[in-house]
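Engineer:
Numbering (my numbering), first residue to last: 259 to 563.
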């Protein structure tokens with residue numbers, strides 16, 4: 259229909275402006291913007307079924323129907339919550355810029371996502387993983403350094419891949435990281451991890467390439483900055499070789515870092531700061547893990563348990 263094609267063009271222009279706002283003013287990552295763009299494409303396709311002619315015709319009823327449709331399609335609550343959040347932010351942006359007068363998403367609520375406990379590695383499992391990586395060449399030294407740094411600092415895989423040589427201060431024992439929302443934080447790194455990093459740097463010159471990403475800390479064989487997908491593959495390969503019956507990703511090492519810190523007495527606020535969480539509620543999921551461990555130890559060691 260001609261009127262819907264016109265609506266699509268208008269919507270896509272506003273969405274483009276919104277995504278640019280998120281990128282340049284809010285500092286959102288490229289991955290987040292790709293997800294938002296996909297969400298909006300699905301939303302526009304849904305509007306076609308309701309014969310919407312103008313953006314002003316989108317109301318609470320339409321949005322509620324869209325959420326119901328997502329629920330019926332079998333989408334997980336976490337996915338629905340993200341899609342609803344993107345729509346709410348979009349209409350808030352439109353109102354702020356006087357493109358529409360009313361925000362139809364103001365009263366919309368999304369289903370609560372399940373607070374599933376993250377998978378973590380036991381201490382013997384993480385040590386087995388690290389020790390299973392043989393010394394010998396630039397690639398193996400790189401792999402050990404990456405895995406140790408993920409566990410030693412609780413980095414997100416995107417933060418790990420984004421590290422440059424200048425971000426590591428060996429003298430002070432710290433790394434500087436750019437996290438979600440373009441937020442900077444300084445993280446301490448233990449001596450054991452620093453030694454492995456330093457050893458990797460000796461061999462890194464074998465990977466360095468004049469036409470590659472020379473400023474990047476972790477390089478591929480061709481001298482390019484390592485990508486998230488490759489880090490996931492590397493970890494999965496080592497885990498499979500060890501026959502550890504868990505799904506282990508770079509994020510598992512982040513969860514493991516936080517859990518082991520908490521089990522060894524670190525405060526929840528400290529862990530929040532180290533992980534770069536903007537909300538304490540995001541960090542508090544780790545307390546459930548350690549409470550479970552406390553119950554287990556109590557049942558094992560208390561005579562009246």
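The beta-carbon is built from N, C-alpha and C at its ideal position, and this holds for glycine as well. This structure is a prediction, so every number in the text was calculated from the model and none was measured.
Relative to the C-alpha of residue 448, which candidate in 392, 515 and 484 has its C-alpha closest?
Structural biologist: Checked all of 392, 515 and 484; the closest Cα to residue 448 is 515.
Engineer: With distances taken from CA atoms, which of 367, 377, 455 and 459 is nearest residue 319?
Structural biologist: Out of 367, 377, 455 and 459, 367 has the C-alpha closest to the C-alpha of residue 319.
Engineer: If I follow the unbroken alpha helix (DSSP H) through residue 492, where does it start and stop?
Structural biologist: 486 to 500 is the extent of the alpha helix (DSSP H) around residue 492.
Engineer: Suppose you measure from the CA of residue 406 to the CA of residue 388; what does that come to, to the nearest Å?
Structural biologist: Cα-Cα distance, rounded: 7 Å.
Engineer: In three-state terms, what does DSSP make of residue 432?
Structural biologist: The answer is strand: DSSP assigns residue 432 an E or B state.
Engineer: Between residue 404 and residue 418, how many whole angstroms is the CB-CB distance? I'm expecting something under 8 Å.
Structural biologist: That belief holds up - the Cβ atoms of residue 404 and residue 418 are roughly 6 Å apart, short of 8 Å.
Engineer: Of all the options 297, 353, 285 and 358, which has the alpha carbon lying nearest to the alpha carbon of residue 315?
Structural biologist: The residue with the shortest Cα to Cα distance from residue 315 is 358.
Engineer: Grouping DSSP H, G and I as helix and E and B as strand, with all else coil, what is residue 443?
Structural biologist: Strand, per DSSP.
Engineer: So, with DSSP's three-state summary, where would you put residue 477?
Structural biologist: Residue state, collapsed to three classes: strand.
Engineer: Just the C-alpha distance for residue 350 and residue 364, rounded to the nearest angstrom, thanks.
Structural biologist: Approximately 8 Å, taken between the alpha carbons.
Engineer: According to DSSP, simplified to helix, strand and coil, what is residue 422?
Structural biologist: Of the three classes helix, strand and coil, the one that applies to residue 422 here is strand, per DSSP.
Engineer: What do you get for residue 508, buried or exposed, if any count of 16 or more other CB atoms within 10 angstroms of its CB means buried?
Structural biologist: Burial call: buried.
Engineer: Can you say whether residue 362 is buried or exposed, counting buried as having 16 or more other CB atoms within 10 angstroms of its CB?
Structural biologist: The residue is buried, with at least 16 neighbouring Cβ atoms inside 10 Å.
Engineer: Taking all protein chains shown into account, do 16 or more other C-beta atoms lie within 10 angstroms of the C-beta of residue 450, making it buried, or fewer, making it exposed?
Structural biologist: Exposed is the call here.
Engineer: Between the region 458 to 468 and the region 477 to 486, do three or more beta carbon pairs fall short of 8 Å?
Structural biologist: Contact between the region 458 to 468 and the region 477 to 486 is present, because at least three Cβ pairs lie under 8 Å.
Engineer: Verify the contact flag: residue 516, CB atom, against every heavy atom of the ligand GTP, threshold strictly below 7 Å.
Structural biologist: Ligands are entirely absent from the displayed structure, and the ligand GTP is therefore not among its contents.
Engineer: Using the C-alpha atoms, what's the distance from residue 399 back to residue 472?
Structural biologist: Looking at the two C-alpha atoms, the distance is approximately 18 Å.
Engineer: Specify whether the region 323 to 343 and the region 270 to 288 touch according to this definition: at least 3 beta carbon pairs, one from each stretch, less than 8 Å apart.
Structural biologist: These segments do not touch.
Engineer: Assign residue 437 to one of two classes, buried (16 or more other C-beta atoms within 10 Å of its C-beta) or exposed (fewer than that).
Structural biologist: Label assigned to residue 437: buried.
Engineer: On the premise that residue 284 lies in contact with residue 439, defined as a C-beta separation below 8 Å, what is that separation, rounded to the nearest angstrom?
Structural biologist: Between residue 284 and residue 439 the Cβ distance is about 7 Å, and since that is below 8 Å, they are a contact.
Engineer: Drop a sphere of 10 angstroms on the beta-carbon of residue 297, count the other beta-carbons inside from all chains shown, and report buried for 16 or more, exposed for fewer.
Structural biologist: Buried, by the Cβ-count rule.
Engineer: For residue 483, write down the residues that DSSP places opposite it in a beta bridge.
Structural biologist: Bridge partners of residue 483: 477.
Engineer: Per DSSP, what are the beta-bridge partners of residue 427 in this structure?
Structural biologist: Looking at the DSSP assignment, residue 427 forms a beta bridge with 432.
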